[in-house]
Amino acid sequence: MAHNTVTLDQPGSEIQAEIANSPLRVSYGKLMMWFFLLSDAFTFSALLVTYGLIRYSHPAYDPEIHGAVFQFSTTYWPLPEYVFAGVPFLHGIHLPLVFVGIMTFILILSSVTMVLAVEAGHRMDQADVEKWMLWTILGGIAFLSCQAWEWTHFILGEGQGTVVKDFVNGQWVEKNVIGAGLKENQYGPPAFADLFFFITGFHGTHVFSGVLLNILIFYNTTVGVYARRGHYEMVEKVGLYWHFVDLVWVFVFTFFYLI
Amino acid sequence: MAHTEVNHGTGEVAKPQTKRIWQVFMILSAVTALEFIIALGFDWPHGLKAAIFIGMTIVKAFYIVADFMHLKHEVKVLIWSIILPMLFVAWLLLALLLEGDYMLN
Numbered sequence: 053m054a055h056n057t058v059t060l061d062q063p064g065s066e067i068q069a070e071i072a073n074s075p076l077r078v079s080y081g082k083l084m085m086w087f088f089l090l091s092d093a094f095t096f097s098a099l100l101v102t103y104g105l106i107r108y109s110h111p112a113y114d115p116e117i118h119g120a121v122f123q124f125s126t127t128y129w130p131l132p133e134y135v136f137a138g139v140p141f142l143h144g145i146h147l148p149l150v151f152v153g154i155m156t157f158i159l160i161l162s163s164v165t166m167v168l169a170v171e172a173g174h175r176m177d178q179a180d181v182e183k184w185m186l187w188t189i190l191g192g193i194a195f196l197s198c199q200a201w202e203w204t205h206f207i208l209g210e211g212q213g214t215v216v217k218d219f220v221n222g223q224w225v226e227k228n229v230i231g232a233g234l235k236e237n238q239y240g241p242p243a244f245a246d247l248f249f250f251i252t253g254f255h256g257t258h259v260f261s262g263v264l265l266n267i268l269i270f271y272n273t274t275v276g277v278y279a280r281r282g283h284y285e286m287v288e289k290v291g292l293y294w295h296f297v298d299l300v301w302v303f304v305f306t307f308f309y310l311i
Numbered sequence: 136m137a138h139t140e141v142n143h144g145t146g147e148v149a150k151p152q153t154k155r156i157w158q159v160f161m162i163l164s165a166v167t168a169l170e171f172i173i174a175l176g177f178d179w180p181h182g183l184k185a186a187i188f189i190g191m192t193i194v195k196a197f198y199i200v201a202d203f204m205h206l207k208h209e210v211k212v213l214i215w216s217i218i219l220p221m222l223f224v225a226w227l228l229l230a231l232l233l234e235g236d237y238m239l240n
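One line per chain: the protein sequences are C and S, in this order.
In terms of our numbering, the first sequence is residues 53 to 311.
In terms of our numbering, the second sequence is residues 136 to 240.
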């Protein structure tokens, strides 16, 4: 520890010196968070590129060939607004993309409360950081709960099901499938459900670990760790991660649900 | 644990500056709402819709990264260290969209 009276009197001056001496004007930890997020962005890009490639290697639904009324079939890629049309407590009512819209809104809102926590950290306002971190954690848990419902709904399925052809012991057998698994599903080609599980699952894992990190930061804030340290940079670093999770959802929402 | 003692001598907590944050929130919500209206209310060709959605997604991504993640206020070298590698991903996407057809035939 440097025996410098300025350093001892002002907690937080240490990190200010680190930032001032860094060529990129950020602390080491924050820079590494940025590069981690960049690598994570590559992973998600790869998943979405894979989605695009597999999707466009399947035929698209064409009303002139497949019939004017859209029906699920393994021969073409499903229209997402017909797959994701359920809302809790409103069973059987066709509400396309409404529930995903609610999830998107929850995640954007929790991103806002996270920036508010970071802003409060800049002002060294411990009470405000606690308040906004708590809202962010609640938002994250709400999103995960919505996703749990959506997965359940997707796996259990709805309606009459779809006739799927399967190659068993050297011959083709037809059977009715309701819901979705990794091998077959009622919505479309097997790869559709596989990609749904992988991409939204990978994103959900990120949300889950984000919630755990947020809880850790919230705890540290309440016991005054950052107040004693003299800065709330940990809130900023975890905030970066949390915004990234929101950012990824914006892309998943577009590529998986809208297009 | 009294948090007044950590406020660098002033003893008072500064007023929050949250105008810009709520402004960005309104933009993000408005763009998302517009996406919904276009997705469900208009019977445009698939390619046109896809192009509009991707454009709107990039607008939302810009506001999240620039304002929420504060990248706008970092030094130029850091901004480019993050944006440049992502531009290569965009290049890959564009290349696949334009020429990926050959792979399937």
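Every residue gets a Cβ at the ideal spot worked out from N, C-alpha and C, and that includes glycine.
Terminal residues of the beta strand (DSSP E) in which residue i lies
i, result
"Phe250/C", "Where Phe250/C is concerned, there is no enclosing beta strand (DSSP E), although the alpha helix (DSSP H) it sits in stretches over Pro242 to Thr274."
Opposing strand residues paired with residue i [DSSP bridges]
i, result
"Lys227/C", "Val216/C"
"Ala232/C", "Asn237/C"
"Trp129/C", "Ala112/C"
Residues near residue i in its chain [Cβ-Cβ closer than 7 Å; skip 5 each side]
i, result
"Ala149/S", "none"
"Glu254/C", "The sequence given here has Phe at residue 254/C, not Glu. Excluding sequence neighbours, Phe254/C sits near Leu99."
"Lys289/C", "Gly81, Lys82 and Met85"
"Arg155/S", "Asp202"
Residue closest to residue i, alpha-carbon to alpha-carbon, out of the options
i, options, result
"Trp184/C", "Thr274/C, Glu66/C, Ile106/C and His205/C", "Thr274/C"
"Leu292/C", "His146/C, His110/C and Val170/C", "Val170/C"
"Thr204/C", "Phe249/C, Gly173/C and Gly191/C", "Phe249/C"
"Thr167/S", "Ala196/S, Leu233/S, Asn240/S and Met238/S", "Ala196/S"
"Phe305/C", "Pro115/C, Glu285/C, Met286/C and Thr252/C", "Thr252/C"
"Glu285/C", "Ile154/C, Lys227/C, Tyr128/C and Ser79/C", "Ser79/C"
"Leu227/S", "Gln68/C, Ser109/C, Phe122/C and Val101/C", "Val101/C"
"Val216/C", "Leu310/C, Asn228/C and Thr257/C", "Asn228/C"
"Asn240/S", "His110/C, Leu186/C, Gly191/C and Gly138/C", "His110/C"
"Leu186/C", "Leu268/C, Ala232/C and Phe141/C", "Leu268/C"
"Ser91/C", "Phe223/S, Leu232/S and Tyr237/S", "Phe223/S"
"Met221/S", "Thr95/C, Val121/C, His118/C and Ser74/C", "Thr95/C"
Start-to-end residues for the alpha helix (DSSP H) that takes in residue i
i, result
"Ile106/C", "Tyr80 to Tyr108"
"Val290/C", "Glu285 to Val304"
"Lys226/S", "What sits at residue 226/S in the sequence shown is Trp, not Lys. Looking at the DSSP string, the run of the alpha helix (DSSP H) that includes Trp226/S is Lys211 to Glu234."
"Tyr278/C", "Val277 to Arg281"
"Gly222/C", "Element bounds for Gly222/C: n/a, residue is neither H nor E."
"Glu198/S", "Looking at the sequence shown, residue 198/S is not Glu but Tyr. Counting along the chain, the alpha helix (DSSP H) containing Tyr198/S begins and ends at His181 to Tyr198."
"Lys150/S", "Note, Lys150/S: premise wrong, no alpha helix (DSSP H); not H, not E."
Proximity of residue i and residue j at Cβ, strictly below 8 Å
i, j, result
"Ile193/C", "Gly209/C", "no"
"Phe308/C", "Pro132/C", "yes"
"Thr214/C", "Gln238/C", "yes"
"Pro242/C", "Lys235/C", "yes"
"Leu168/C", "Thr153/S", "yes"
"Leu149/C", "Phe136/C", "yes"
"His295/C", "Ser197/C", "no"
"Leu147/C", "Phe195/C", "no"
"Arg77/C", "Val210/S", "yes"
"Asn266/C", "Thr165/C", "no"
"Val266/S", "Leu299/C", "The question about residue 266/S has no answer here: the residues shown for chain S are numbered 136 through 240."
"Tyr113/C", "Tyr128/C", "yes"
"Thr202/C", "Phe151/C", "With the sequence shown as reference, residue 202/C is identified as Glu, and Thr is not the correct amino acid for it. A contact, by the Cβ cut-off of 8 Å."
"Leu206/S", "Ile217/S", "yes"
"Tyr134/C", "Phe122/C", "yes"
6 Å Cβ shell around residue i - same chain, five flanking residues per side excluded
i, result
"Ile162/S", "Tyr198"
"Asp180/C", "Ala172"
"Leu219/S", "none"
"Val297/C", "His258, Val259 and Gly262"
"Leu89/C", "Phe296"
"Phe141/C", "none"
The ligand FAD heavy atom lying under 7 Å from the CB of residue i
i, result
"Glu182/C", "As presented, the structure is devoid of all ligands, the ligand FAD included, so that no description of it is given."
Same chain, Cβ closer than 8 Å to residue i, five either side skipped, listed in chain order
i, result
"Phe188/S", "Glu170, Ile173 and Ala174"
"Ile106/C", "Ala243 and Leu247"
"Ala200/C", "none"
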